């Protein structure tokens, strides 16, 4: 039996810029919300896809992802489905200040796998 013919488009949207004045590697930590810039980015992304025929909306339960998804929910009249499988990759650096000195400090060496290529896919600059 042949599989059903399923076609469509999946739009992957990353959350907008985050308010992070202390430059913490926040990962899955709670309490990191969109900045004013992030809200503008999310609004612009939602407007850009306003005519894309979006029929479902899934997001990580993290605040910044929910806030970003909220703009899409408003534009498309959809409910947000929260799914833990969309959480950030786990990182052993959560809560550490995002500077080379703190990341490469001997007290954090145990956390390193390959300091030039983080295991979760985003560079520290991102």
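Residue numbers (the working numbering): 161 to 286. By construction, the Cβ of each residue, glycine as well, lies at the ideal position given by its N, Cα and C atoms. For clarity, every value in this text was computed on a predicted model and none was experimentally measured.
Asked, Found
"DSSP state of residue 234 mapped onto helix, strand, coil", "helix"
"Same chain only: Cβ atoms within 8 Å of residue 198, ignoring 5 sequence neighbours per side", "175, 176, 177, 178, 179, 224, 227, 228"
"Residue 265 burial status per 10 Å Cβ neighbour count (16 or more: buried)", "exposed"
"Local conformation of residue 219 per DSSP, three classes", "strand"
"Inter-residue spacing [alpha-carbon to alpha-carbon] between residue 210 and residue 244", "26 Å"
"Residues sharing a beta bridge with residue 257, DSSP", "184"
"Those residues which DSSP pairs with residue 242 across a bridge", "219"
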